[in-house]
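Novice:
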Amino acid sequence: MDGTVTVSGRQLANKWLKTNALRSHPAIARHIPPTSLYSSAALRRMLDLYGSVVLKPVRGTGGLGVMKASREGSRYVLRHMSGARSFPAFEGLRRAVDAKRRGRAYLIQKDVRLATVGGRPVDYRVKVVKTAGGEWVFRSMVGRLARKGLFVTNLCRGGTLLKAAHGIRMSLSPRLVGVKKRQMRNLTRTATSLLESRFPGLTQLGYDYGIDRNGQIWILEVNTRPH
Ligand SMILES: Nc1ncnc2c1ncn2[C@@H]1O[C@H](COP(=O)(O)OP(=O)(O)OP(=O)(O)O)[C@@H](O)[C@H]1O
Ligand SMILES: [Mg+2]
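Residue numbers (numbering that gives the first Met the number 0): 0 to 226.
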């Protein structure tokens, strides 16, 4: 799983493979939220550790099938789309997650508690492409604001585009705009070199960055065929 894989323009869909590649580089690993492959034992352990986690299909896209599980007092809450169900015991949560998973492999990731605007989470998409000359160039950096009531920011789930600067200014602080944009660009450069060395043949990458309420930057996901 850890060796070099040639993708030659094909999509590298496996989020677990990409997460592990990124975690192998110490300067990048600091920006990857704690992540495990789904098992009920891992879910219980990560809920004990972090209180709230995001569950996503290993081969998912467009926010489809993404859930959030949290401990709230003595209860367990599962959110999916705009719905929330509460369970008095872990077993109820586990059964509801398994009903949604339908046997698919999932990742469990610490909920990084994204900074919000009007209660709606914001994240950022940074796109890079490889030129014919073999050089990687930045294409865009935009913010995405989740539709009211949802925790995923995906545009196909009703999220709204906004300028990255505006998202940072409104969700955190005007003085963080320059530094956070710079950090995302630097991290993108480092991660792109690493991914290219691991997965030769990549020609474009779309990074999903989260910034938490303390201003920490997290790589939520890297798309090899970004839209
Ligand atoms: N660890 C996390 N903490 C908080 N929110 C998260 C976390 N991971 C994902 N999210 C939210 O869920 C959304 C969807 O997650 P992600 O980008 O990993 O999957 P996807 O959008 O389905 O896949 P793709 O980006 O390939 O289309 C993110 O845009 C973000 O809003
Ligand atoms: Mg995404």
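By construction, the Cβ of each residue, glycine as well, lies at the ideal position given by its N, Cα and C atoms. Quantities reported herein were computed from a predicted structural model and do not represent experimental measurements.
Tell me whether the beta-carbon of Ile-31 lies closer than 7 angstroms to the beta-carbon of Ile-218.
Specialist: By 1-based counting over the sequence shown, the position of residue 31 is 32. By 1-based counting over the sequence shown, the position of residue 218 is 219. Cβ distance < 7 angstroms, so Ile-31 and Ile-218 count as in contact.
Novice: Where in the region 154–178 do unbroken runs of the beta strand (DSSP E), each at least 3 residues long, occur, reported from the N-terminal end onward?
Specialist: 159–162, all fully within the region 154–178.
Novice: Can you give, in chain order, each stretch of the alpha helix (DSSP H) that sits fully within the region 174–221 and has at least 4 residues?
Specialist: Whole alpha helix (DSSP H) segments, 4+ residues: 176–197.
Novice: By DSSP's criteria, Ile-107 is part of a beta bridge. Which residues make up the other side?
Specialist: Here residue 107 refers to the residue found at position 108 when the sequence shown is read from its first residue. Answer by DSSP bridge pairing, in chain order: Ser-35, Leu-54.
Novice: For ligand 2, which residues count as neighbours when the test is a C-beta closer than 7 angstroms to any heavy atom?
Specialist: That query returns the following residues: Gly-62, Asn-153, Asp-207, Leu-219, Glu-220, Asn-222.
Novice: Can the beta-carbon of Arg-126 be found less than 7 angstroms from the beta-carbon of Arg-138?
Specialist: Residue mapping note: residue 126 aligns to position 127 of the sequence shown, counting from 1. Residue mapping note: residue 138 aligns to position 139 of the sequence shown, counting from 1. In the sequence as displayed, the identity of residue 126 is Lys instead of Arg. The answer is yes: Cβ separation under 7 angstroms.
Novice: Within 6 angstroms: the Cβ of Asp-110 and any heavy atom of ligand 1?
Specialist: The residue labelled residue 110 in the question sits at position 111 within the sequence shown. Yes, the beta carbon of Asp-110 sits closer than 6 angstroms to at least one heavy atom of ligand 1.
Novice: Give me the residue from Lys-129, Leu-48, Phe-89 with the minimum Cα distance to Pro-199.
Specialist: The count along the sequence shown starts at 1 and reaches residue 199 at position 200. With distances taken between Cα atoms, Pro-199 lies closest to Lys-129.
Novice: Taking the continuous beta strand (DSSP E) assigned at Pro-120, which residues delimit it?
Specialist: The sequence position of residue 120 within the sequence shown is 121, counting from 1. Segment 119–129, the beta strand (DSSP E) holding Pro-120.
Novice: Excluding the 5 residues flanking Gly-118 on each side, which residues of the same chain have their C-beta closer than 8 angstroms to its C-beta?
Specialist: For this step, residue 118 is matched to residue 119 along the sequence shown. Around Gly-118: Lys-147.
Novice: Assign Asp-110 to buried or exposed, taking buried as 16 or more other Cβ atoms, counted over all protein chains shown, within 10 Å of its Cβ.
Specialist: Here residue 110 refers to the residue found at position 111 of the sequence shown. Classification of Asp-110: buried, given that the 10 Å Cβ count is 16 or more.
Novice: Would you report the Cα separation of Arg-70 and Glu-134, rounded to the nearest angstrom?
Specialist: Numbered from 1 along the sequence shown, position 71 holds the residue referred to as residue 70. Numbered from 1 along the sequence shown, position 135 holds the residue referred to as residue 134. Going from the Cα of Arg-70 to the Cα of Glu-134 covers about 46 angstroms.
Novice: Using beta-carbon positions only, say whether Asn-222 and Gly-205 come within less than 7 angstroms of one another.
Specialist: The sequence position of residue 222 within the sequence shown is 223, counting from 1. The sequence position of residue 205 within the sequence shown is 206, counting from 1. It is a contact, given that the beta carbons lie within the stated cut-off.
Novice: Kindly indicate the opening and closing residues of the beta strand (DSSP E) around Phe-150.
Specialist: Taking the sequence shown and counting its residues from 1, one reaches residue 150 at position 151. Element bounds for Phe-150: n/a, residue is neither H nor E.
Novice: In this structure, what does DSSP give as the bridge partners for Glu-71?
Specialist: If you number the sequence shown from 1, residue 71 lands on position 72. DSSP output for Glu-71 lists Arg-74 as bridge partner(s).
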